[in-house]
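*Asks:* After the structure tokens below, expect a handful of questions from me.
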Amino acid sequence: MEHGTKEDYELLAELEKPHHAMTADRLLRELHSQEDETLAGYKITRLQHALQSATRAEADGADIDWVVAALLHDIGDGLAPQNHDRFAAEILRPFVRDEVAWVVEHHGIFQSYFYGHHYGWDRNARDRYKDHPYFATCADFCERWDQSSFDPDYPMKPLEHFEDRVREVFSRKAYDPAVLCEGEVRGL
């Protein structure tokens, strides 16, 4: 790479634009692939969990960033099970508010509040963030849209219902300060 010229990298940047524009399509394809994927013991698939989370967010009147984040918050479970929360957050971070990306990044430790004690873990491990401005939002996200979305009988919207919103979010200019709104707390 050190021998590339300015012209070489300008050409590559131009050639990468179609790939960047297909981000939403790749994410939707990954969600579709989770249609039959689950872990032993769970009564729903990974896709159903994503759809339930997004359906609940939408039913609560959440904005587009939250609905898409709810849909994608566990997209990394298959590839990065030990840090799926950070995996998903990094996908979302360039395109959503800072608060939303932070919540997705930390939802794993916040979610353990609901089950960690059964493993002998500290269910209050999330309290290390109690002074963070996004703490309450993350706790609400997990309680309202994540931990409750493992219900085989919950009437969820199909993936097609959310596709336009995924495309809209990922068509935004990456890292646009007007979108990121760093430090701003809006809640759910």
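Numbering (the working numbering), first residue to last: 10 to 197. Backbone N, C-alpha and C define an ideal beta-carbon position, used for all residues, glycine too. Just so you know, these numbers come straight off a predicted model, no measurement behind them.
#1: With a threshold of 8 Å on Cβ separation, who are the neighbours of residue 144 within its own chain once the five nearest residues in sequence on each side are excluded?
#2: What is the DSSP secondary structure of residue 118, counted as helix, strand or coil?
#3: Taking one C-beta from the region 171–178 and one from the region 121–130 each time, how about it: are there three or more such pairs within less than 8 Å?
#4: In the region 124–152, which residue ranges form an unbroken beta strand (DSSP E) of at least 3 residues, counting only runs that do not cross its ends?
#5: On a Cα-Cα basis, can you pick out the residue from 31, 58, 65 that is closest to residue 153?
#6: How far does the alpha helix (DSSP H) with residue 63 in it extend, from its first residue to its last?
#7: Where do the N-terminal and C-terminal ends of the alpha helix (DSSP H) with residue 32 fall, by residue?
*Replies:* The answer reads as follows:
#1: Cβ neighbours of residue 144 beyond the five flanking positions: 135, 138.
#2: Helix, per DSSP.
#3: Touching, no, given that fewer than three Cβ pairs across the two stretches are closer than 8 Å.
#4: Taken in chain order, the whole beta strand (DSSP E) runs of length 3 or more contained in the region 124–152 number zero.
#5: The shortest C-alpha separation from residue 153 is found at 65.
#6: If you look at residue 63, you'll find it in the alpha helix (DSSP H) that goes 55–68.
#7: 32–42 is the extent of the alpha helix (DSSP H) around residue 32.
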